[in-house]
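Structure record follows, encoded as structure tokens.
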Amino acid sequence: MPGTPLPREQISSQYLEENISNRLVAASSIILVVTTILLALRLYVRSLPNVKTGLEDILLLPAYLLSLASCICGYLAVTHGGAGRHVKALMIEDPNIVIVRGKLLYSLSWVTAYSNCFSRLSVLVLLYTIFTPGVARKCTVLLMVYMVLFLVSQTIAGAMECRPIAYFWDRTGDGTCINLFLFFKLSGILNIVGDVAIMVLPAHTVWNLQASIAKRVAISFVFLSGSIGLIASCFRTASFFTSQEQSTTDPTWADVELMSWTIVESGMYMAAACTMRLRPLLRKLPGWFKQFKTTHHESGVTVERTFTIEDGKGYEMNFYAKQGHIPLKSFDRDLNRASIQGLQRPAVNRAMVSATFPLPGVTHGKRILATVIENRAQDGTNTNPWISLPINDQDLSAGYQDITFQQLNNAANHAAKWLSQALPATSEPFQCLAYAGPKDLRYAILAVAVAKLQKVMVLPSPLITPEAQLRILEKKNCKLYLRPVEMAGPVDAILQKAPHIESITVPGIEEFLRDDAASPVVYGKTWDEGKDDPWLVFHTSGTTGNPKPITYTHQMMAGADTAASLPDIEETHIHQYAQRRWYTPLPSLHFVGMLMSLAMTGFVNMTSVIGPPAPPTPKLLIDIFRYGRIDGALLMPALIDQLCLLPEGIEALRELKYIHYAGAPLSAKSGNLLAPYTQVVPCVGSTEAGGYFTTIHQNKDAWDYLSFQKHSGAEFQHRMNDLHELVFVRRPECAMQQIFQVYPDRESFGTDDLWIEHPVHKGLWKIIGRSDDYVYLAHGDGLHASLLEPEIIAHPSVKSAIIGGHGQISPVLLVELIPGVELDDEALRESLTPYIEKVNVHCHDCVKLSSERLIFATKDKPFILTVKGSVARLQTLALYEGEIASLFA
């Protein structure tokens, strides 16, 4: 008993000197160092771009401070509480040490209880943000409640375990305590129950991901790291059972094991909460890089290079290479993801290896997309997912989850059932309805549902005027307009001028994308029966006038499949899409967006990777590329130019295997930065003609040029100087001529696109403008605006530029500045003068530009854009009609 010293002569000196306190010191030190490092890394990760601080991070601060306090208790227990020595030795030296030991043990039980709770709540909050609404989230909330109630019960029991409280550490006076060992055993068991629940919680979500077993196992280990405290908790609880007798007879000796596992348990909970958010460090720590050598032949010469590959990306890498015999597909992937050790990745003119057709197990051609989706939903052997979308739109580092074709088909069946109930009954074949909604999966799901029901869906863009939308609806005799609640305002405002068009509210995405199986709705027609049936109505961008509707049949939407069926097709875009992960910000209301989300995914097994619904900023795009694990991106040139203004943006683009751009020309500066490192490919087409059927070439110095497949029937007809117009000529042997499905009575179709041939690589062509962007001046002369405008856009402060002045005596230059550039009229005019002079080198005197006929766009009148993101020339010129007229008044 404290206060009653034992006589020294009754105990051997060896027994008195025994000391195992170094074990407790080691445990406390290791936990202190590990938790401090992990918290510092966690804070560093929070400082990375687009990684936001959440409640789970805030909870770590009290968890760490309390874990630190537990380590301090461990040190003090050694220095002042006699931990690690025999109690009899302490009673001889100073019985009051045992009292100090009791106070420290009591304090340790409190700080670890609260530290453990904060750490586990941090893990649960993180899981809550990752899980989508459903059972998993509800279980997460229940576990949070369990943890809080468990802490409250511990607090109440701890406050009442001894009466008075001092009796816990000083038994010399009167008092009582509950059975402390039973209390600690029960607490330990309940702790373990909570840990097991946290460990099991993500299992269903992870194992339902459409990914390889290896990848799912890897993801499981990430989540299991959130339960590593379970190990220490089991050892700690076991020690209460094994050390009970010794704790009664020699408590300070037994304290080493009990206190060590208690401190380790607290630290491991803290470590678990930190570890689950350290994934972004995979791109930062050089220790995650492995070296390997590849050997291949270039121009008959064996070349050996040493590369580094970044781990943790989820890409399959083939490291096996023999001299001159490395698999070309593997080498291409390795080279594209690699960098020369210690140096920037070199510019290498290499042949890109793409898919070959037919794809394994696929019979291409004469397939209707709705049927393909239904068949792929039933085909359990096909592992290519349909869509990959962020687990958490606010934090892409949480990863991506896949949506399968089974889920798509089931969602379309749910949507078809809803449409059958919501739409008015009609005997009219191919009942027409319009849909406008936010940028989400409802566009694709409703498109498939409409196909199953053999109806027609019009997809008006919110970027065109209400009058233009109504003209499109009237032309298609569309009397139904579907929209979700969030689009009620814009759509209903449009329909105020068309009371005969009925507005129907579409339910949320969760009503379609559900786990319960819907009654099957099957598209029942064969290719010959359904290929010419109307399905989707897109509209032209309005670049050169009012948008006009173009009805796509099932055959027009199957162009990729038709191309894949051709026996002698040269490499084209679909070879690069096939069986790869692609991202595009283009919405599905645009025909290119719908092709990427449905046609390419269905016909050539592409996986469409999507980003958050927010407009894509450069930093957001970098995260999408990184965490979406994409192989290629189809982007508007303006986005590529923005990325190329940032070093990290250039790096992210160069890491892609393919960069396709569409909607406008890509600046020479951006293209030249990227072409030596990745394959930059222009995508040209129109809503009427579809994507132009072009080939992929390997000339890096002609990245903005392309050639046409022989199946397209493309001809370049001379117009003036070195300008040629692209004309499609009907030919029976040409399988890829969508334009003549739109205009079946024509034998040829002039695109009005003007092209120039490459001066060296004959047969390669570049689009440089349109015949209708020719500016006719009052004196009968004129100039092609699109040939000259890129010179002005090269100015670092210029976002867009167009040349106008139709019917005037001289041309006019309109300039829109990039956001953030202040409109200093005189200074900007002066800085633009060299660019204007560069343009004038190509012009004779009567059509030269002048800084005196320069108009800067104002913030309240920005340039009008088309659906594709390019400048709507005629509408923008009309917007500044008054300013242009005032220059000649």
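Under the UniProt record's numbering, the residue at position 722 of the sequence shown is numbered 722, and the numbers go up by one with no gaps.
Beta carbons: idealized from backbone N, C-alpha and C, even for Gly.
Nearest-angstrom Cα separation, counted from residue j out to residue i
i	j	result
G763	W755	12 Å
Q14	N96	22 Å
G611	W765	33 Å
V141	A633	38 Å
K185	T237	6 Å
D641	V200	46 Å
T35	Y64	7 Å
I231	E265	8 Å
V506	P613	18 Å
A113	M268	13 Å
G300	R654	The pLDDT assigned to G300 is 33, lower than 50, so where the model puts this residue is not dependable, and the model offers no usable value.
I550	E852	42 Å
I472	L453	22 Å
H575	K710	17 Å
A488	K439	15 Å
T678	W703	10 Å
A398	F863	37 Å
Q469	P460	6 Å
V681	L706	8 Å
R442	V491	17 Å
R731	L536	26 Å
E467	F603	36 Å
P637	E688	22 Å
W261	R85	17 Å
7 Å Cβ shell around residue i - same chain, five flanking residues per side excluded
i	result
V123	I198, G226, A272, A273 and M276
A211	Bear in mind that the predicted position of A211 carries a pLDDT of just 47, short of 50, making it unreliable; the figure below should be weighed with that in mind. Cβ neighbours of A211 beyond the five flanking positions: D402.
P618	Q642, L643, L646 and G649
V821	S797
V775	G782, L783, A785, I803, G804, G805, H806 and P811
W169	I99, G102, K103 and Y106
A415	I445, L446, A449 and F512
Same chain only: Cβ atoms within 6 Å of residue i, ignoring 5 sequence neighbours per side
i	result
F888	Q808
L16	A89
H364	P358, D561, A564 and S565
Run of the beta strand (DSSP E) containing residue i, from where it starts to where it stops
i	result
H761	Where H761 is concerned, there is no enclosing beta strand (DSSP E), given that its DSSP letter is neither H nor E.
R171	No beta strand (DSSP E) contains R171, which DSSP labels as neither H nor E.
Q679	Q679 to C683
Q717	A714 to M720
M736	Per DSSP, M736 belongs to no beta strand (DSSP E) and is neither H nor E.
Y443	No beta strand (DSSP E) holds Y443; the alpha helix (DSSP H) holding it covers R442 to L453.
C432	C432 to Y435
Y658	Y658 to A662
W253	Where W253 is concerned, there is no enclosing beta strand (DSSP E), although the alpha helix (DSSP H) it sits in stretches over P251 to T275.
Residue interval of the alpha helix (DSSP H) (run including residue i)
i	result
W418	F405 to A422
F181	L180 to V200
F625	P618 to Y627
C73	L60 to T79
I802	Per DSSP, I802 belongs to no alpha helix (DSSP H); it is in the beta strand (DSSP E), V798 to G804.
F591	F591 to M594
Nearest neighbour of residue i, chosen from the options [CA to CA]
i	options	result
L105	H784, A83 and I864	A83
E18	W253, V522 and Y661	W253
V196	G175, R626 and S233	S233
L190	F150, D379, T155 and A157	F150
L589	A422, M457 and G649	M457
I696	K138, E570 and A498	E570
R580	G593, A827, M600 and L55	M600
M556	A735, C71, H784 and A885	A735
P462	R483, V450 and N477	R483
D393	Q679, S107, K657 and G628	G628
P164	Q154, T176 and G81	T176
L369	M270, Y552 and V111	Y552
A77	P819, Y577 and P251	P251
G361	I373, D379 and T371	D379
G437	M720, E826, I92 and Y481	Y481
Contacts around residue i, its chain only, beta-carbon distance under 8 Å, and the 5 residues preceding and following it disregarded
i	result
A652	L621, I622, F625, R626 and L643
L39	L60, Y64, M270 and C274
Legend entry - Any beta strand (DSSP E) of 3 or more consecutive residues that is wholly inside the segment 501-578: 502-506, 534-539 and 549-553
Inset, instruction - With a floor of 4 residues, list each alpha helix (DSSP H) that falls wholly inside the segment 96-144, ordered by position along the chain. - result: 96-130
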